[in-house]
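Asks:
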Amino acid sequence: MHITVIIEGGDLDSQKHLRTSYPRPAEGEAVPVTFIDMREVFAGWSPELKRTVYKQDFMETEGLKRVREVFLLEVYNWLYEGISFIELSEMELSQFKEVLDQLAEKGGEIVYTRRKQGQWMINYFRLVEPELENVSVTGTSMDKLFEKYV
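With numbering that gives the first Met the number 0 applied, the sequence shown corresponds to residues 0 to 149, in that order.
1) Report the three-state DSSP secondary structure of Leu71 (helix, strand or coil).
2) Note down the Cα distance separating Val30 from Leu72, rounded to an integer number of angstroms.
3) Return helix, strand or coil for Asp36, following the three-state DSSP convention.
4) So what does DSSP say about Lys54, is it helix, strand or coil?
5) Pick out whichever of Gly43, Ala103, Phe70 and Leu48 has its Cα sitting closest to the Cα of Glu59.
6) Output yes or no for whether 8 angstroms exceeds the beta carbon distance between Thr33 and Val74.
So, in structure tokens, the structure goes:
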């Protein structure tokens, strides 16, 4: 099931930062995602490349600054229409797993956003549940139910 997200107020160019391999939504912005995979890796800042790089082995982190152990989510980003990666701390991973469990129970779609917590922005996920119409099926023929959707 795919839920359509309508971006109001402005064109898609104002949402470029959400349609990348490493989206960073501002507070209140949301990116619909589908979980693909997760890896535990070492992340560090590369002064030469001027970006964060991810390594499987700690021995490969020599020369990197601020090396830390993180969880790297691989997701399908519906705004980007491609694969994106989201770096999570243990606390953020715990919250993501709760949403993943809810998804398994109820269905719906996972939405990725960020929230301000103190002076930091943290990754946050929520479940958008599908809107199901309550229809009384007692005394209603199937033809009448299908007429609404054809």
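Just so it is clear, CB atoms sit at the ideal spot from N, CA and C, and this is done for glycine as well.
Since this is a predicted model, take the numbers as computed values, not measurements.
Replies: The structure says:
1) Residue mapping note: residue 71 aligns to position 72 of the sequence shown, counting from 1. Correct three-state label for Leu71: strand.
2) Position 31 of the sequence shown holds residue 30. Position 73 of the sequence shown holds residue 72. Rounded to whole angstroms, Val30 to Leu72 spans 14 angstroms at the Cα level.
3) The residue given as residue 36 occupies position 37 in the sequence shown. Of the three classes helix, strand and coil, the one that applies to Asp36 here is strand, per DSSP.
4) Residue numbering aside, residue 54 sits at position 55 when the sequence shown is read from its first letter. Strand.
5) In the sequence shown, residue 59 corresponds to position 60, counting from 1. Nearest Cα to Glu59 within the set Gly43, Ala103, Phe70 and Leu48: Gly43.
6) Within the sequence shown, numbered from 1, the residue matching residue 33 stands at position 34. Within the sequence shown, numbered from 1, the residue matching residue 74 stands at position 75. Taking 8 angstroms as the Cβ cut-off, Thr33 and Val74 qualify as a contacting pair.
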